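Enquirer: What follows is a single structure, and I will ask about it in a moment.
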Amino acid sequence: MPSGGKREGAGRKSGPYGPKKMVSLRLAEDVRNFLAITAGQADTIETTIRKSAAFKRWRQSTSNPAN
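Quick note: the numbering used here has the sequence shown finishing at residue 159, numbered continuously throughout.
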């Protein structure tokens, strides 16, 4: 199988918040059941966290380069 993405600029681009990494979480059954019916489980979690006041305070207090 040929390897791809050798041209400069080839390959999938990072999202607006930079590259993402796979993580594993332990969640209560009701939360898992809710996420199971959502279209984008990871997007649902990320959006909810980004909207939280605690996350916004943390972002303002750190020099994290991601938007």
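Where a beta carbon is used, it is the ideal one built from N, C-alpha and C, also for glycine. Note that the structure is a prediction, hence the values are computed from the model and not measured.
Are residue 130 and residue 136 touching if we call contact CB-CB under 8 angstroms?
Expert: Sequence index remark: in the sequence shown, residue 130 carries index 38 (1-based). Sequence index remark: in the sequence shown, residue 136 carries index 44 (1-based). Contact flag set, yes.
Enquirer: Please report the straight-line C-alpha distance between residue 152 and residue 108, rounded to a whole angstrom.
Expert: Counting from one through the sequence shown, the residue named residue 152 turns up at place 60. Counting from one through the sequence shown, the residue named residue 108 turns up at place 16. Cα-Cα distance, rounded: 18 angstroms.
Enquirer: Could you name each continuous beta strand (DSSP E) segment of 3 residues or more that falls completely within the stretch 101 to 150, going from the start of the chain to the end?
Expert: Listed in chain order, nothing qualifies, since the stretch 101 to 150 has no complete beta strand (DSSP E) run of 3 or more residues.
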